[in-house]
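Quick notes on the structure that follows.
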Amino acid sequence: MSKSFVIVGSGPSGFYIADVLSKKLPEAAVDILDRLPNPFGLVRGGVAPDHQGTKNITRQFERTLQRSTVRFLGNVEVGRDVSFAELKTIYDGVIVTIGSPQDRKLGIPGEDLPGVYGSWTFVGWYNGHPAYRDLEPDLSGKGIAIIGNGNVALDVARILAKTPAEMAKADICQHALEAIAASPVEDIYLIGRRGPGDASFTPAELGEFADLERCVALVDKVQIPAELNGDVGTKDDKSRQKNLEILRRLSDNRPGDKPLRLHFLFYAAPLQVLGHGHAQGLRLERTRVDSGRAVHTGEILELPVTTVITAIGYRSVPFPGLPFDENRGVVLNQDGRVEPGVYTAGWCRRGPQGVIPENRADSLAVAKLILEDLEQNQHADRPGPVALDRLLRERGVVVVSYEDWLKINAAETQRAAGEKPREKFARVAEMLTVLNH
Ligand code: NAP
Numbered sequence: 000m001s002k003s004f005v006i007v008g009s010g011p012s013g014f015y016i017a018d019v020l021s022k023k024l025p026e027a028a029v030d031i032l033d034r035l036p037n038p039f040g041l042v043r044g045g046v047a048p049d050h051q052g053t054k055n056i057t058r059q060f061e062r063t064l065q066r067s068t069v070r071f072l073g074n075v076e077v078g079r080d081v082s083f084a085e086l087k088t089i090y091d092g093v094i095v096t097i098g099s100p101q102d103r104k105l106g107i108p109g110e111d112l113p114g115v116y117g118s119w120t121f122v123g124w125y126n127g128h129p130a131y132r133d134l135e136p137d138l139s140g141k142g143i144a145i146i147g148n149g150n151v152a153l154d155v156a157r158i159l160a161k162t163p164a165e166m167a168k169a170d171i172c173q174h175a176l177e178a179i180a181a182s183p184v185e186d187i188y189l190i191g192r193r194g195p196g197d198a199s200f201t202p203a204e205l206g207e208f209a210d211l212e213r214c215v216a217l218v219d220k221v222q223i224p225a226e227l228n229g230d231v232g233t234k235d236d237k238s239r240q241k242n243l244e245i246l247r248r249l250s251d252n253r254p255g256d257k258p259l260r261l262h263f264l265f266y267a268a269p270l271q272v273l274g275h276g277h278a279q280g281l282r283l284e285r286t287r288v289d290s291g292r293a294v295h296t297g298e299i300l301e302l303p304v305t306t307v308i309t310a311i312g313y314r315s316v317p318f319p320g321l322p323f324d325e326n327r328g329v330v331l332n333q334d335g336r337v338e339p340g341v342y343t344a345g346w347c348r349r350g351p352q353g354v355i356p357e358n359r360a361d362s363l364a365v366a367k368l369i370l371e372d373l374e375q376n377q378h379a380d381r382p383g384p385v386a387l388d389r390l391l392r393e394r395g396v397v398v399v400s401y402e403d404w405l406k407i408n409a410a411e412t413q414r415a416a417g418e419k420p421r422e423k424f425a426r427v428a429e430m431l432t433v434l435n436h
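For the sequence shown, counting from 1, position 243 maps to 242 in numbering that gives the first Met the number 0; every step adds exactly one.
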């Protein structure tokens, strides 16, 4: 009997593993589960809607899905429809690639007030993740603070700043496009607790703020160091040096007459979200950076904002029975091995870091381990897909196959207006309606 694998989570990390396993073991069955009816994880729900080029990677994943031994089973949630323990008895290998689907918390007073959103939630809202379709974030004030100096913070700032015309070719959900266009926001504050040289922006993404239609980026020249500290050797150092050059150019900008200002605010650590019943301000403390760490200086400043979006990183969420490191918010593992027959890769293994190519490398390394372990594997073959199908049928689970997804995909493409590549269905029921379920 041939081997069988189940990959839980259909983002890039899961697909890269499916690709290797299905190529190296052409007889093996590879099932990819996702709790959503659609595949592709963060490529659909995380990558910015105006970065369509990045989303082209799904073509490669579709080729994997076209292999006869690989199946997509959408709308199947581990913990709800099938347990992790059951998967272990059904498949020879269980690979967990569920990403980091939860916002990290700041741990400051006021962060649970209405008007404060984590970027996972907020990005999910504009990208049509069904869990956040009805978020209705309050964008009714003139000031919005975004906390964090990574690419997610830049994504959120840019999506808030662009005009509908600039978003014409983006697959942002209509509900979000309209809410953002209706917002009277005049000032967006992008807040870093350390300095410009410490930001984890990538230069291409930072450079996009140079020339926005209705928004001017403002940087205080005084905050930009003449040089990075130390040698500039690694790729990361070069990237940080480019960031400084871009920020230096932006620091020549003047407010002018554009209706929206994006303020890059460095050396400012969040202390408290102010307000009773709703966010009404953000209190920050000035910092200086000592040996790479933000040190508080005692100088306080307050921003007049009624919306606060945190973009400070994510955590994974375990399902019952999966060993988990609560501190780091990742699956407990040794180089991707969790326990015999169980593996993990991507953000839920390493933490929420790295762009898609970095996760590819991680997945390839874990796939290699799986293949090595398989050679040593003495225990009997497990029943595989037949057993899962029987179980899901008995439980009345509506499974969305790859062919079903193609129908949803076609319907989304067809209903998109103008130059939009698609108008996503942001509710599970809407997707299932396309399939007459
Ligand atoms: P990130 O790059 O790790 O940035 C997180 C930011 O949050 C850092 O600036 C960090 O500051 C800050 N932070 C953490 N805790 C904080 C606190 N308590 N108070 C204030 N600030 C705090 O993570 P990310 O932006 O979520 O991105 C995740 C990964 O996805 C990254 O690898 C990113 O490059 C990638 N991504 C790429 C793209 C793209 O290529 N277009 C788009 C989106 C995301 P410190 O540095 O001081 O800790």
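We put the beta carbon where it would ideally sit given N, CA and C, even for glycine.
In this text, all values refer to a predicted model and were calculated from it rather than measured experimentally.
Same chain only: Cβ atoms within 7 Å of D324, ignoring 5 sequence neighbours per side: Locating residue 324 in the sequence shown gives position 325, where the first residue counts as 1. Residues L331 of the same chain have their beta carbon placed closer than 7 Å to that of D324, with the five preceding and five following residues left out of the count.
The ligand NAP heavy atom lying under 7 Å from the CB of G353: As a first step, residue 353 is located in the sequence shown; it is residue number 354 there, counting from the start. Yes, the Cβ of G353 comes within 7 Å of a heavy atom of the ligand NAP.
Span of the beta strand (DSSP E) around G297: The sequence position of residue 297 within the sequence shown is 298, counting from 1. Unbroken beta strand (DSSP E) run through G297: R292 to L302.
Exposure label - G297; buried when at least 16 CB within 10 Å: Taking the first residue of the sequence shown as position 1, residue 297 is located at position 298. Looking at its Cβ environment, which holds fewer than 16 other Cβ atoms inside 10 Å, G297 is exposed.
Proximal residues to D33 (C-beta, below 6 Å), its chain only, five neighbours per side dropped: As a working mapping, residue 33 is identified with position 34 in the sequence shown. Cβ neighbours of D33 beyond the five flanking positions: S9 and G73.
Length-filtered (4 minimum) alpha helix (DSSP H) runs lying within the segment 326 to 412: 346 to 349, 355 to 375 and 384 to 393
Beta-carbon proximity of R314 to S99, cut-off 8 Å: Within the sequence shown, numbered from 1, the residue matching residue 314 stands at position 315. Within the sequence shown, numbered from 1, the residue matching residue 99 stands at position 100. Against a cut-off of 8 Å, the Cβ pair of S99 and R314 comes out as a contact.
Residue span of the beta strand (DSSP E) that contains G92, given as start and end: For the purposes of this step, residue 92 is identified with residue 93 of the sequence shown, where counting begins at 1. Here the beta strand (DSSP E) through G92 covers G92 to V95.
Paired residues, beta bridge with C214 - DSSP: Position 215 of the sequence shown, counted from the start, is the residue given in the question as residue 214. C214 pairs with L259.
Distance cut-off 7 Å: I146 Cβ against heavy atoms of the ligand NAP: For the purposes of this step, residue 146 is identified with residue 147 of the sequence shown, where counting begins at 1. The answer is yes for I146.
Simplified DSSP state of I146, which is helix, strand or coil: Locating residue 146 in the sequence shown gives position 147, where the first residue counts as 1. Of the three classes helix, strand and coil, the one that applies to I146 here is strand, per DSSP.
Limits of the unbroken beta strand (DSSP E) element including A268: Reading the sequence shown from its first residue, position 269 is the one you call residue 268. Unbroken beta strand (DSSP E) run through A268: A267 to L273.
Through-space distance from I179 to M166, alpha-carbon basis: As a first step, residue 166 must be located in the sequence shown, where it is residue number 167. As a first step, residue 179 must be located in the sequence shown, where it is residue number 180. For M166 and I179, the distance between alpha carbons rounds to 11 Å.
A28 - containing beta strand (DSSP E), residue span: To locate residue 28, count along the sequence shown from 1; it is residue 29. Residue range A28 to L32 is occupied by the beta strand (DSSP E) that includes A28.
Residues bridged to F14 [DSSP beta-bridge criterion]: Taking the first residue of the sequence shown as 1, we reach residue 14 at position 15. Per DSSP, none; premise fails for F14.
Extent of the continuous alpha helix (DSSP H) run through L243: If you number the sequence shown from 1, residue 243 lands on position 244. Start and end: K234 to L249.
Length of the line joining the Cα atoms of L261 and P303: In the sequence shown, counting from the first residue as 1, residue 261 sits at position 262. In the sequence shown, counting from the first residue as 1, residue 303 sits at position 304. One C-alpha to the other measures close to 14 Å.
N150 CB to nearest heavy atom of the ligand NAP below 7 Å: Within the sequence shown, the letter at position 151 stands for residue 150. Yes, the Cβ of N150 comes within 7 Å of a heavy atom of the ligand NAP.
Beta-carbon gap between G92 and P319 smaller than 8 Å: Sequence index remark: in the sequence shown, residue 92 carries index 93 (1-based). Sequence index remark: in the sequence shown, residue 319 carries index 320 (1-based). No, these two residues do not count as a Cβ contact at 8 Å.
Close Cβ partners of F121 (< 7 Å) along its chain, the five nearest in sequence each way excluded: Residue 121 sits at position 122 when you count from the first residue of the sequence shown. Closer than 7 Å at Cβ, skipping near neighbours: P136, V155 and I308.
Rounded C-alpha distance that separates E177 from R381: For the purposes of this step, residue 177 is taken as the residue at position 178 of the sequence shown. For the purposes of this step, residue 381 is taken as the residue at position 382 of the sequence shown. Roughly 51 Å between the two C-alpha positions.
Neighbourhood of N242 by C-beta, 7 Å cutoff - its chain only, sequence neighbours within 5 removed: Within the sequence shown, numbered from 1, the residue matching residue 242 stands at position 243. Excluding residues within five positions, the ones whose Cβ falls inside 7 Å are P195, A198, F200, P202 and L205.
Any 3 or more C-beta pairs closer than 8 Å across the segment 384 to 399 and the segment 26 to 45: Contact between the segment 384 to 399 and the segment 26 to 45 is present, because at least three Cβ pairs lie under 8 Å.
6 Å CB neighbourhood of T162 in its chain, flanking five on each side removed: Within the sequence shown, the letter at position 163 stands for residue 162. The residues are E212 and R213.
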